[in-house]
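Peer 1:
Number of protein chains: 2
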Amino acid sequence: MPVERGERATPAQVQGHDRAVSAAGEGKAPRTERGRRTMRAILDAAALEFGERGFHEASISGITRRAGVALGSFYTYFDSKDAVFRALVRDMSDQVRDHVAPLIRAAPDQLAAERAGLLHFIEFVRGHKELYRIIDEAEFVDPESFRLHYATTAERIAKRLQAAATRGEVRGDVSEVHAWAIMGMNVFLGLRYGVWSEDVSPEAVAETIGDMLATGIAPR
Amino acid sequence: MPVERGERATPAQVQGHDRAVSAAGEGKAPRTERGRRTMRAILDAAALEFGERGFHEASISGITRRAGVALGSFYTYFDSKDAVFRALVRDMSDQVRDHVAPLIRAAPDQLAAERAGLLHFIEFVRGHKELYRIIDEAEFVDPESFRLHYATTAERIAKRLQAAATRGEVRGDVSEVHAWAIMGMNVFLGLRYGVWSEDVSPEAVAETIGDMLATGIAPR
């Protein structure tokens, strides 16, 4: 399942077209602004096609039809259905990070940053419900992308926690174990309150969890 | 992904053959001890077959070969590959719960119980690495089982937290949100420290997370 990779991104990373270039690491990088728009359209269409139909039922022609581009344009950027799927996993991972990162950066301290990260992750999920199905299907279709998505995310959470520890904003012994726990919480809270149902506001979820992260659940 | 459903099980539930009967809700309940052993052998073989080959590549003949039973015996209990997969998801979910429940029950208070639950869940995962692949594949092969697995697990965690709150063992306002967070943490910690690598002991992971759950990660 997906999760925000809300580390401190460079300003360039938060530009949409740089996301497409980054995703093109799995395909062929477009050289023009028009090419970048085409690639963006293909990736957005692929998200809908894979999200609705699943990898095996999805087709390249389904993607190009949704994107309104010719089959030739598809092959300008991607060699196969596998290649566009791989690029899509990377692109969605980057989109989540880019959506959440500036909001994490803007927080006054790390506990507020974790709260903001969860809040904006759930909001992002609500607008991109196909996210989970795509990342989850990667476990079977493209295990390396699946593993990379989570390993990278956890590593970045661990780094931001450890940086916060040196600033005295969290306890000094935060580790990779905390990072995996926070990632897991956020993934499941996104599934429950972002994809399955919107019966609790993202603010309320983030408030509850922010409080738990700050002070635990021992009796007061 | 799977998770312990460590609610207070009845003693009968922790018997292996009752697990088979319970799983048979998806198949046909065996009436004799020999029948229960055959069904157990089929489910154990199915875990290996689906875990190694995935649902689409797995075959009924692969399952019966691994189980050392005749094809006719398979059809005595299951109508199809879909039926045995569905029974297997339920069975694995029950196995995790039955492994962890008595250890949760034996803990002196709820914070110790959550720590014990995580510790023994990671240990169980280490001995059953196929667990994740099977539960995760259910999202695509049998979405209803997937959803039921997590909804049921979260509901039981929420109930045990709320019962603990009435005993004054955790803060009074624990809710479904806390339950989903704890489930998500445990699932991802099991993936990282149970399936992917055993570089940190289950005891150390459980100690770190038990401490985080008790008192949070704010600076001391």
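For the protein sequence lines, the chains are A and B, in the order given.
To convert, note that position 132 of the first sequence is 132 in the working numbering; the numbers rise steadily by one, no gaps.
Remember, the working numbering sits 220 above the position in the second sequence when you count from 1.
Heads up, the beta-carbon is just placed ideally off N, CA and C, and yes, glycines get one too.
On a predicted model such as this, the values are computed, not experimentally measured, just so you know.
Is the beta carbon of B:T284 closer than 8 Å to that of B:F294?
Peer 2: Against the second sequence, residue 294 of chain B aligns to sequence position 74. Against the second sequence, residue 284 of chain B aligns to sequence position 64. For B:F294 and B:T284, yes; Cβs fall inside 8 Å.
Peer 1: So what does DSSP say about A:S93, is it helix, strand or coil?
Peer 2: In the first sequence, residue 93 of chain A corresponds to position 93, counting from 1. A:S93 falls in the helix class under three-state DSSP.
Peer 1: Could you run through the region 169-180 of chain A and flag, in chain order, every residue whose CB is less than 9 Å away from some CB of chain B?
Peer 2: So the close ones are E169, V170, R171, G172, D173, V174, S175, E176, V177, H178 and W180.
Peer 1: Under 8 Å Cβ to Cβ from A:E203, same chain only, skipping five residues before and after it: list those, please.
Peer 2: As a position in the first sequence, residue 203 of chain A is number 203, starting the count at 1. Taken in chain order, the residues that qualify are L119.
Peer 1: So what does DSSP say about B:K301, is it helix, strand or coil?
Peer 2: Your numbering for residue 301 of chain B matches position 81 in the second sequence. B:K301: helix per DSSP, three-state reduction.
Peer 1: Would a check of beta-carbon distances place A:E49 closer than 8 Å to chain B?
Peer 2: For this step, residue 49 of chain A is matched to residue 49 along the first sequence. So, not an interface residue.
Peer 1: Verify the CB distance criterion: does B:M312 have a CB-CB separation below 8 Å to chain A?
Peer 2: Within the second sequence, the letter at position 92 stands for residue 312 of chain B. Not an interface residue.
Peer 1: Please identify, using Cβ separations under 9 Å, the residues of the region 132-150 of chain A that lie next to chain B, in order along the chain.
Peer 2: Those would be Y132, R133, D136, E137, E139, F140, R147 and Y150, in chain order.
Peer 1: Under the three-state reduction of DSSP, which class applies to B:D356: helix, strand or coil?
Peer 2: Residue 356 of chain B sits at position 136 when you count from the first residue of the second sequence. It is helical.
Peer 1: Applying a beta-carbon distance threshold of less than 7 Å, which residues of chain B neighbour A:R192?
Peer 2: In the first sequence, counting from the first residue as 1, residue 192 of chain A sits at position 192. Within 7 Å Cβ-Cβ: W400.
Peer 1: Below 8 Å between beta carbons is the criterion; list the residues of the region 323-349 of chain B that meet it against any residue of chain A, in chain order.
Peer 2: Within the region 323-349 of chain B, the qualifying residues are L331.
Peer 1: For A:F85, decide whether its Cβ has a neighbour in chain B, counting only Cβ atoms nearer than 8 Å.
Peer 2: Numbered from its first residue, the first sequence carries residue 85 of chain A at position 85. A:F85 does not count as touching chain B.
Peer 1: Listing by chain order, which chain A residues have their CB less than 8 Å from the CB of B:P422?
Peer 2: The count along the second sequence starts at 1 and reaches residue 422 of chain B at position 202. Within 8 Å Cβ-Cβ: nothing; B:P422 doesn't reach chain A, min ~11 Å.
Peer 1: Answer yes or no: do B:F275 and B:E357 have a C-beta to C-beta separation smaller than 8 Å?
Peer 2: Indexing the second sequence from 1 puts residue 275 of chain B at position 55. Indexing the second sequence from 1 puts residue 357 of chain B at position 137. Going by C-beta atoms, B:F275 is nearer than 8 Å to B:E357.
Peer 1: Assuming contact is defined by CB atoms lying nearer than 8 Å, are B:M432 and A:G216 in contact in what I supplied?
Peer 2: Your numbering for residue 432 of chain B matches position 212 in the second sequence. Your numbering for residue 216 of chain A matches position 216 in the first sequence. Yes. Within cutoff.
Peer 1: Under 9 Å Cβ-Cβ, which residues of chain B neighbour A:V195?
Peer 2: Position 195 of the first sequence, counting from 1, holds the residue named residue 195 of chain A. Those within 9 Å of A:V195 in chain B number zero; the least Cβ separation is about 11 Å.
Peer 1: For the alpha helix (DSSP H) holding B:S281, just list the boundary residues, first then last.
Peer 2: As a first step, residue 281 of chain B is located in the second sequence; it is residue number 61 there, counting from the start. Note, B:S281: alpha helix (DSSP H), I280 to A287.
Peer 1: By the three-class DSSP mapping on this structure, what secondary structure does A:A41 have?
Peer 2: Here the question's residue 41 of chain A lines up with position 41 in the first sequence. Helix.
Peer 1: Do the region 81-95 of chain A and the region 167-178 of chain A meet, that is, are 3 or more Cβ pairs less than 8 Å apart?
Peer 2: No, the region 81-95 of chain A does not touch the region 167-178 of chain A.
Peer 1: Using a cut-off of 9 Å between C-beta atoms, extract the partners of A:G62 located in chain B.
Peer 2: Working through the first sequence from its first residue, we reach residue 62 of chain A at position 62. Within chain B, no residue comes near A:G62; the closest Cβ sits about 18 Å away, beyond 9 Å.
Peer 1: Report the three-state DSSP secondary structure of A:T32 (helix, strand or coil).
Peer 2: Numbered from its first residue, the first sequence carries residue 32 of chain A at position 32. It is coil, neither helix nor strand.
Peer 1: What are the start and end residues of each continuous alpha helix (DSSP H) run of 4 or more residues lying completely inside the region 141-175 of chain A, in chain order?
Peer 2: As far as the region 141-175 of chain A is concerned, its whole alpha helix (DSSP H) runs of at least 4 residues are 143-166.
Peer 1: For A:G51, count the other beta carbons within 10 Å of its own beta carbon; 16 or more makes it buried, fewer makes it exposed. Which is it?
Peer 2: Locating residue 51 of chain A in the first sequence gives position 51, counting from the first residue. Flag for A:G51 reads buried.
Peer 1: With a 10 Å radius around its C-beta and 16 neighbouring C-beta atoms as the bar for buried, classify A:V201 as buried or exposed.
Peer 2: Counting from one through the first sequence, the residue named residue 201 of chain A turns up at place 201. Sequence check: residue 201 of chain A is Ser here, not Val. A:S201 should be labelled exposed.
Peer 1: Whose CA, out of A:A206, A:R220, A:R31 and A:K28, lies closest to the CA of A:F121?
Peer 2: Within the first sequence, the letter at position 121 stands for residue 121 of chain A. The residue with the shortest Cα to Cα distance from A:F121 is A:A206.
Peer 1: Can you pull the chain B residues whose beta carbon is under 7 Å from the beta carbon of A:L88, in chain order?
Peer 2: Taking the first residue of the first sequence as position 1, residue 88 of chain A is located at position 88. Simply none; closest approach about 16 Å.
Peer 1: Going by C-alpha to C-alpha distance, which of B:A399, B:A384 and B:Q382 sits closest to B:A374?
Peer 2: Here residue 374 of chain B is taken as the residue at index 154 of the second sequence, counted from 1. When only C-alpha atoms are compared, the closest one is B:A399.
Peer 1: Check each candidate in B:F360, B:A401 and B:E359 and name the one with the smallest Cα separation from B:I377.
Peer 2: Position 157 of the second sequence, counting from 1, holds the residue named residue 377 of chain B. Closest by alpha carbon: B:A401.
Peer 1: Answer yes if the region 252-270 of chain B comes into contact with the region 286-293 of chain B, meaning at least three C-beta pairs across the two stretches below 8 Å, and no otherwise.
Peer 2: Result yes; three or more Cβ-Cβ pairs closer than 8 Å.
Peer 1: So, are the CB atoms of A:S110 and A:L148 less than 8 Å apart?
Peer 2: In the first sequence, counting from the first residue as 1, residue 110 of chain A sits at position 110. In the first sequence, counting from the first residue as 1, residue 148 of chain A sits at position 148. Sequence inspection shows Gln at residue 110 of chain A; the Ser mentioned does not correspond to that position. No. Outside cutoff.
Peer 1: Quick one: what's got a C-beta closer than 8 Å to B:L291's C-beta in the same chain, skipping five residues either side?
Peer 2: Walking along the second sequence from the start, residue 291 of chain B turns up at place 71. Cβ within range, chain order: I280, S281 and T284.
Peer 1: For B:R317, does the count of other Cβ atoms within 10 angstroms reach 16, so buried, or fall short, so exposed?
Peer 2: Within the second sequence, residue 317 of chain B is the residue found at index 97, counting from 1. Label assigned to B:R317: buried.
Peer 1: Return the residue from the list A:F124, A:Y132, A:V141 and A:T166 that minimises the CA-CA distance to A:D82.
Peer 2: Taking the first sequence and counting its residues from 1, one reaches residue 82 of chain A at position 82. The residue with the shortest Cα to Cα distance from A:D82 is A:V141.
Peer 1: Using a Cβ-Cβ cut-off of 8 Å, state whether A:I209 counts as contacting chain B.
Peer 2: Indexing the first sequence from 1 puts residue 209 of chain A at position 209. Interface residue, yes.
Peer 1: Return no unless some Cβ of chain A is closer than 8 Å to the Cβ of B:A244.
Peer 2: Indexing the second sequence from 1 puts residue 244 of chain B at position 24. Reliability fails at B:A244, whose pLDDT of 44 lies under 50, so the model's placement of it is uncertain and the value that follows must be treated cautiously. Output row for B:A244: interface = no.
Peer 1: In whole angstroms, what is the alpha-carbon distance linking B:A384 and A:R40?
Peer 2: By 1-based counting over the second sequence, the position of residue 384 of chain B is 164. By 1-based counting over the first sequence, the position of residue 40 of chain A is 40. Distance between the alpha carbons of B:A384 and A:R40 is about 50 Å.
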